[in-house]
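Peer 1:
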Amino acid sequence: MKYVTNLLLVGIAAYSALYGVTYAYQLHHLVNILAAWFVAIHFSGTRPTVAGLLEIFTDDLEEGEKKRHQ
């Protein structure tokens, strides 16, 4: 989880340094992605690991499939 967060932060910083003046409107979308990542980390009940990250997304899919089949 920390590597993904660091990658997002470094990516936004690099984009800002290279294209921040010309394409400033894109920074809004990149920061929204970062905020969504922070929300996902905050509300996840699992430990911050890659397996935990996969569990966040697969649990939602499994619950949706169970609701459809009922």
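Per this note's numbering, the very first residue in the sequence shown carries number 41; after that it's consecutive.
Beta carbons: idealized from backbone N, C-alpha and C, even for Gly.
(1) Beta-carbon within less than 8 Å of glycine 51's beta-carbon, same chain only, minus the 5 sequence neighbours each way: which residues are those?
(2) Which whole-angstrom value describes the C-beta separation of tryptophan 77 and threonine 45, a residue pair presumed to lie in contact below a C-beta threshold of 8 Å?
(3) Less than 8 Å between C-beta atoms, sequence neighbours within five positions excluded: which residues of the same chain meet that for alanine 75?
(4) Could you give the first and the last residue of the continuous alpha helix (DSSP H) run that contains glycine 60?
Peer 2: Per the coordinate set shown:
(1) Leu70
(2) 7 Å
(3) none
(4) No alpha helix (DSSP H) contains glycine 60, which DSSP labels as neither H nor E.
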